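Numbered according to my numbering, the sequence shown spans residues 1411 to 1738.
In this text, a Cβ means the ideal position worked out from N, Cα and C, and glycines have one as well.
Quick caveat: nothing in here was measured; it's all calculated off a predicted structure.
Input: a single structure, listed below in structure tokens.
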Amino acid sequence: MGVTIRDIAKATGLSLGTISRALKNQSGLTETTRARVFAVARELGYDLSKLKVGRVRRIAFLLHRQHNTLSSSPFFSPVLHGAEAACRREGIALSFVAIGPAEPIMEQIRLHQPDAILCAGFFEPEILHAIRAAGKPLVLIDMHLQDYTSINPDNRLGGYLATRHLIQAGRKRIAMLSGPSAHYSIQERVHGFRKALFDAKILANPELEIAIPHHANEELSVKQAMLKLLAMTQPPDAVFCYNDTTALTAMQACLEAGLKIPHDIAIVGFDNISAAAKSNPPLTSIHVDKEALGAEGVAMLLRKAQDEAIDKTLAVQLIVRESSTDDL
């Protein structure tokens, strides 16, 4: 016979009614009590799939404050729109919450009273564990963590396609401007970059890889990194940037340094934000269906069996424009 709510009541010293309310996510309990009940239930091996998930009426879309910036919004705004459109079709209210690691996250969540939660982009694992302890269905978008349900673009393939394109265009010294390595999507793009070099028998040069930290003046950091690359004895003849905002800034730095794009240096970005097609020259990029990421995140929250973690990968596509080739 499996673990029952009586066993959880005995282990916690709480009443059967309290255990039942906690597991059903009903009101009238503190988040601490609810989290404790779920922690003990998991510890004892209680079958959480037996819980009947009520109809989802409210979803909270959580975004880390470090993504709630001008440089990140061209990516996350369409993701939010995709989630919003999916919620509208299902008659679900969606609330947007930007949170930082030092903020009382559970208070924010309690304020919005969601039935389910979407976390978009990078979050510290301890924050995700605290959110999951609330016992509500949770899906990660553009983030991956063991035993969590998530949806991501095919970041590794995107990095590979971008780099292979530059190799096929005859480029020999390909640099990469990446971001913080704690981010799953960035790690994957770097893997794809290195794999393409390896497959083409090009030796990876650590000096041609620069990681841009997340902080207030990201634009300045990108320009400085680009100038550092251009000052090398053998400067790169191509740059793959981990996102389009970085690529557009890098392109600006190259143009200001008097270089011709793509003649002197080819540039490829990632995400295919709307500004990519409008830049001068237009930017080659890896297209990510950002609205589909948001919509699929909602669909995954609404699926019935929430007990097993599922990873979904969304296809990406190389969009070639004038920043990387003269052949158009």
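| Item | Value |
| --- | --- |
| Cα-Cα separation, T1442 to M1516 | 9 Å |
| Unbroken stretches of the beta strand (DSSP E), 3 residues or longer, contained in the stretch 1545-1577 | 1548-1551 and 1560-1563 |
| Helix, strand or coil at E1534 according to DSSP, with G and I counted as helix | coil |
| Selection from M1710, V1708 and N1653 that minimises the alpha carbon distance to L1693 | N1653 |
| Reference K1688; option with closest CA among S1591, E1732 and Q1727 | E1732 |
| For E1718, three-class secondary structure by DSSP | coil |
| Limits of the unbroken beta strand (DSSP E) element including R1475 | No beta strand (DSSP E) holds R1475; DSSP gives it neither H nor E. |
| Nearest residue (CA-CA) to L1568, options R1431, H1697, G1412 and D1737 | With the sequence shown as reference, residue 1568 is identified as Gly, and Leu is not the correct amino acid for it. Checking every option, the nearest Cα to that of G1568 belongs to H1697. |
| Start and end residues, beta strand (DSSP E) containing F1680 | F1680 -> no beta strand (DSSP E), and no H or E assigned at all. |
| Residue from I1519, L1424 and N1562 whose Cα sits closest to the Cα of T1723 | N1562 |
| Reference L1613; option with closest CA among M1710, L1703, E1666 and A1585 | A1585 |
| Start-to-end residues for the beta strand (DSSP E) that takes in V1726 | V1726 to I1729 |
| Coarse secondary structure for I1671, derived from DSSP in three states | coil |
| Outcome for N1627 when other beta-carbon atoms lying within 10 angstroms are tallied against a minimum of 16 | exposed |
| C-beta atoms of R1599 and S1591 nearer than 8 Å | no |
| Where the alpha helix (DSSP H) through I1584 begins and ends | Element bounds for I1584: not the alpha helix (DSSP H) but the beta strand (DSSP E), I1584 to S1588. |
| Inter-residue Cα distance where the pair is D1457 and G1412 | 8 Å |
| Rounded distance between the beta-carbons of L1728 and A1572, thought under 8 Å | 7 Å |
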